[in-house]
Amino acid sequence: MFEGRSRLFLIWLAVALFAPASMAMAQNADGIGNLKLPDISSYAPPKGETPLALGGGGAITLSAQLTDKGADITRGIVWRVFKPEAAGDGKLPMVASAHGGSAVFQLEPGSYLVHASYGRAGATKRITVGKDARRESLVLDAGGLKLDAVLSGGVRIPPKKLRFSIYEGTAEANGDRALIIPDVEPNSVVRLNAGVYHVVSTYGAVNAVIRSDIRVEAGKLTEATVEHRAAEETMKLVRETGGEAIADTSWSLLNESGDPIKEAVGAFASMVLAEGQYTIIAKNRDRIYQKDFTVVAGQNQEIEVLATEASAIDPEEGAD
Numbered sequence: 025m026f027e028g029r030s031r032l033f034l035i036w037l038a039v040a041l042f043a044p045a046s047m048a049m050a051q052n053a054d055g056i057g058n059l060k061l062p063d064i065s066s067y068a069p070p071k072g073e074t075p076l077a078l079g080g081g082g083a084i085t086l087s088a089q090l091t092d093k094g095a096d097i098t099r100g101i102v103w104r105v106f107k108p109e110a111a112g113d114g115k116l117p118m119v120a121s122a123h124g125g126s127a128v129f130q131l132e133p134g135s136y137l138v139h140a141s142y143g144r145a146g147a148t149k150r151i152t153v154g155k156d157a158r159r160e161s162l163v164l165d166a167g168g169l170k171l172d173a174v175l176s177g178g179v180r181i182p183p184k185k186l187r188f189s190i191y192e193g194t195a196e197a198n199g200d201r202a203l204i205i206p207d208v209e210p211n212s213v214v215r216l217n218a219g220v221y222h223v224v225s226t227y228g229a230v231n232a233v234i235r236s237d238i239r240v241e242a243g244k245l246t247e248a249t250v251e252h253r254a255a256e257e258t259m260k261l262v263r264e265t266g267g268e269a270i271a272d273t274s275w276s277l278l279n280e281s282g283d284p285i286k287e288a289v290g291a292f293a294s295m296v297l298a299e300g301q302y303t304i305i306a307k308n309r310d311r312i313y314q315k316d317f318t319v320v321a322g323q324n325q326e327i328e329v330l331a332t333e334a335s336a337i338d339p340e341e342g343a344d
């Protein structure tokens with residue numbers, strides 16, 4: 025349904041397949057106007073969803089397009105028709121709804137608010153219904169966003185270990201951003217109103233996080249691939265090099281500043297870490313051992329902590 029397709033790789037180079045080539049550069053939120061996403065939540069739901077609100081008025085046909093010159097969207101639209109005056113509870117009464125592409129409603133003569141949602145994109149329009157049949161169209165000014173991430177050298181990341189969150193492009197006064205969609209799976213298409221969005225890519229569950237500002241263009245599918253500089257690390261406590269992992273071990277991971285960032289229990293401690301310097305502390309049977317190590321982007325490794333006097337530390341200095 026998207027008229028164009030653009031691919032955004034690291035430096036955010038976008039190439040449209042069905043429209044002239046264009047740059048989809050990641051931009052800061054500064055200088056970008058507020059995104060006008062639909063926000064119609066205060067309505068009184070009807071007893072049951074009805075595609076037609078039968079009455080003595082004329083038929084009105086509603087259609088939606090991604091851009092002002094785009095073709096009608098044929099599926100995936102959710103239509104909701106509201107009375108413009110709030111009810112006693114302060115909500116807008118919903119008089120009709122439909123799913124699919126274009127929709128036909130038979131409404132009593134009068135004024136209505138029509139809302140069309142397409143994924144997370146949407147638009148609202150006031151219409152007037154008379155006795156004669158007529159057509160109305162809504163331009164959603166929307167596009168699609170498809171996200172993925174790789175490791176250094178283009179190595180693929182297992183999809184189960186990768187998630188994205190999409191936030192408003194403009195931060196609030198306190199620096200926070202409104203969350204639009206959490207836990208987006210890689211390579212899934214998210215429909216959004218055109219604008220700039222703040223995307224957070226998380227690899228694993230510790231500190232491998234990449235943040236990017238990405239522009240979605242109306243009528244186009246933007247594919248954004250980011251690079252994680254991280255690796256998978258597996259720690260084990262052994263009595264000798266290459267030995268068996270010692271069970272019932274408690275683990276505490278410290279970053280370069282000495283702050284604890286992850287704890288685990290078991291013979292092995294596996295986690296994804298951003299590149300950098302770390303200290304791993306292992307506790308077993310009231311003895312504490314530690315080892316400093318370096319994470320190199322894209323280089324998974326197994327780290328052995330030797331349960332010897334040389335690596336043992338004073339319990340007062342170690343992690344509990």
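Just so we're on the same page, the working numbering is the position in the sequence shown counted from 1, plus 24.
Glycine is no exception: its CB is placed at the ideal position from the N, C-alpha and C atoms.
Ranked by how close their Cα comes to the Cα of V138, the residues G112, L171, D113 and I101 have I101 in first place. Our two residues, R144 and V230, have alpha carbons roughly 29 Å apart in a direct line.
Membership of T303 in the beta strand (DSSP E) is indicated by the continuous run G300 to N308. Taking a contact to require three or more Cβ pairs closer than 8 Å, the stretch 84–99 and the stretch 120–127 qualify as touching. In this structure, V214 and L169 form a Cβ contact; the two beta carbons are roughly 5 Å apart against a cut-off of 8 Å. Burial check for A232: the Cβ neighbour count within 10 Å reaches 16 or more, so the residue is buried. As the crow flies, the alpha-carbon of L216 is around 13 Å from that of V163. For D207, the enclosing beta strand (DSSP E) covers residues L203 to V208. For I270, no beta strand (DSSP E) encloses it, and the DSSP letter there is neither H nor E.
In its chain, beyond the 5 residues on either side, K260, L261, V262, A291 and F292 have a beta carbon closer than 7 Å to the beta carbon of A269.
Taking 7 Å as the cut-off, the beta carbon of I304 is found closer than this to the beta carbon of L277.
If you draw a straight line from the Cα of R201 to the Cα of T194, it is about 7 Å long.
Within its own chain, the residues whose Cβ lies closer than 7 Å to the Cβ of G322, once the five positions on either side in sequence are excluded, are L175, S176, G177, V179 and A255, listed in chain order.
In this structure, I234 sits away from V153, with a CB-CB distance that is not shorter than 7 Å. Per DSSP, the unbroken beta strand (DSSP E) holding P117 starts and ends at L116 to G124. Contact annotation, E192 with A218: C-beta distance approximately 14 Å; criterion of less than 8 Å not satisfied. When only Cα atoms are considered, D172 and E247 end up about 8 Å apart.
P183 sits in a helix when the DSSP states are folded into three classes.
Its Cα nearest to that of Q314, the residue Y302 stands out among N324, Y302 and V320. Taking every protein chain shown into account, the CB of E264 has fewer than 16 other CB atoms within 10 angstroms, so this residue is exposed.
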